[in-house]
Amino acid sequence: MSCIEQMKYTILLERISFKEAREYIEKNSDEVYYVSPGYKIFKDYYIIGVPPIAVGSKGNALVFPYTKPCHGSFVLSIENEDSIKEINRLRESDKEKGPVSLKKDKSLESSKASSTSYLDMWKK
Amino acid sequence: MTGAKVLLMMGCPEVPIQTSIALYLSHKLTNLGFDVTVAGTTAATKLLKVSDSDGYYAKKLVDLDKTLEDIIEKRNDFGICFAFMHNDSGMTYAATVSAISQAKMYSIVFGRHAEELAQTIEFDCEKIVTQDVHNPVRLKNKLDKVMEEMAK
Numbered sequence: 001m002s003c004i005e006q007m008k009y010t011i012l013l014e015r016i017s018f019k020e021a022r023e024y025i026e027k028n029s030d031e032v033y034y035v036s037p038g039y040k041i042f043k044d045y046y047i048i049g050v051p052p053i054a055v056g057s058k059g060n061a062l063v064f065p066y067t068k069p070c071h072g073s074f075v076l077s078i079e080n081e082d083s084i085k086e087i088n089r090l091r092e093s094d095k096e097k098g099p100v101s102l103k104k105d106k107s108l109e110s111s112k113a114s115s116t117s118y119l120d121m122w123k124k
Numbered sequence: 125m126t127g128a129k130v131l132l133m134m135g136c137p138e139v140p141i142q143t144s145i146a147l148y149l150s151h152k153l154t155n156l157g158f159d160v161t162v163a164g165t166t167a168a169t170k171l172l173k174v175s176d177s178d179g180y181y182a183k184k185l186v187d188l189d190k191t192l193e194d195i196i197e198k199r200n201d202f203g204i205c206f207a208f209m210h211n212d213s214g215m216t217y218a219a220t221v222s223a224i225s226q227a228k229m230y231s232i233v234f235g236r237h238a239e240e241l242a243q244t245i246e247f248d249c250e251k252i253v254t255q256d257v258h259n260p261v262r263l264k265n266k267l268d269k270v271m272e273e274m275a276k
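Encoded structure:
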């Protein structure tokens with residue numbers, strides 16, 4: 001069990017596909033950053049995901065995807081001292097290119113596959 | 125290729141054929157000379173442990189998240205990975221391994237929505253797809269052909 005499950009978190013979306021989690025974070029965050037699979041947050045959680053993985057900030061809260069093998073993907077939000085540190089770390093590592101918002105920049109969209117039919121079924 | 129480290133990555137064990145295929149694949153690949161590790165969720169590994177209580181078919185059984193952590197931290201890696209998937213989470217875990225590992229990827233896609241799920245795979249891999257849920261024979265036959273190629 002990662003430390004995430006022992007922290008105070010808010011579930012923003014639950015039991016969705018990873019693609020839906022990414023789209024939610026892109027649309028509902030103040031700032032969006034993209035990290036690689038395995039990016040470590042909160043000391044011991046390595047983010048599982050299909051690249052590019054969107055991680056957002058909403059005020060001082062870190063908004064990120066969390067995938068469980070039997071329960072699908074979730075969008076979680078954590079706001080505490082550590083989330084501020086994580087947001088600052090993302091800002092620092094992204095300084096060269098600056099925060100990216102997919103609301104404006106569609107070039108990073110990775111939805112190459114036609115997954116609509118599967119996702120619709122999966123939600124049922 | 126024989127002798128390479130192989131990771132069998134099990135997802136949620138909700139669809140019955142995963143357990144039998146994992147045991148079958150582990151045993152066959154071990155007999156071919158591969159160094160096989162089977163990784164899974166707590167429930168998936170317990171199913172294997174009970175079915176194979178002496179560890180005859182699956183000699184190395186490990187925790188899935190710990191295995192990913194070891195690959196990310198460069199404490200371990202594999203030459204080949206067979207990723208089982210019947211839902212979006214399974215595909216997401218496989219995409220993660222594809223990104224963090226040097227392994228050649230084989231996606232074993234099964235269950236009622238296998239065809240649709242296989243279409244969502246964006247990473248480079250060989251896909252082995254059947255829509256079966258309970259009867260593992262068709263998937264076994266497809267994997268036999270894959271193993272024949274691997275043994276060459």
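Protein chains in written order, with our numbering: chain A, 1 to 124; chain B, 125 to 276. All residues carry an ideal CB built from backbone N, CA and C; glycine is no exception.
| Check | Outcome |
| --- | --- |
| Is it true that the CB of MET229 of chain B sits closer than 8 angstroms to the CB of ASP93 of chain B? | No statement about residue 93 of chain B is possible, as the shown extent of chain B runs from 125 to 276 and does not include it. |
| Alpha carbon to alpha carbon, how far is TYR24 of chain A from ALA167 of chain B? Give it in angstroms, no decimals. | 30 angstroms |
| The alpha helix (DSSP H) that contains SER81 of chain A, what's its start and end? | The question names Ser, but residue 81 of chain A is Glu in the sequence shown. 81–93 is the span of the alpha helix (DSSP H), which, as asked, contains GLU81 of chain A. |
| With distances taken Cα to Cα, identify the nearest neighbour of ASP212 of chain B among B:LYS184, B:ALA242, B:ASP178. | B:ALA242 |
| Output the distance between the C-alpha atoms of GLU31 of chain A and LYS173 of chain B, rounded to the nearest integer angstrom. | 45 angstroms |
| Who are the Cβ neighbours of LYS183 of chain B in its own chain at under 8 angstroms, not counting the five residues just before and after it? | SER150, THR154, VAL160 |
| VAL233 of chain B lies in the beta strand (DSSP E); which residues open and close that run? | 228–233 |
| Counting only Cβ pairs nearer than 8 angstroms, list the residues of chain A close to TYR217 of chain B. | ILE48, THR67, PRO69 |
| Please list, in chain order, all residues of the same chain as PRO99 of chain A whose beta carbon is under 7 angstroms from its beta carbon, the five residues on each side excluded. | Bear in mind that a pLDDT of 49 at PRO99 of chain A, under 50, signals an unreliable position, so the number given afterwards is only what the model happens to contain. Contacts found: GLU31, VAL32, TYR33. |
| In angstroms with no decimal places, state the Cα-to-Cα distance between HIS71 of chain A and LYS266 of chain B. | 28 angstroms |
| Check whether the stretch 75–95 of chain A and the stretch 48–67 of chain A are in contact - that is, three or more C-beta pairs closer than 8 angstroms. | yes |
| Return helix, strand or coil for ASP159 of chain B, following the three-state DSSP convention. | strand |
| Since GLY56 of chain A is in the beta strand (DSSP E), which residue starts that stretch and which ends it? | 53–58 |
| Roughly how many angstroms lie between the CA atoms of PRO52 of chain A and ARG262 of chain B, to the nearest whole one? | 34 angstroms |
| Please check if any C-beta of chain A sits within less than 8 angstroms of the C-beta of LEU185 of chain B. | no |
| List the residues of chain B whose Cβ lies closer than 9 angstroms to the Cβ of PRO52 of chain A, in chain order. | Correct list: empty, because the minimum Cβ distance to chain B is about 10 angstroms. |
| For the stretch 191–207 of chain B, which residues have a beta carbon sitting closer than 7 angstroms to at least one beta carbon of chain A? | LEU192, GLU193, ILE196 |
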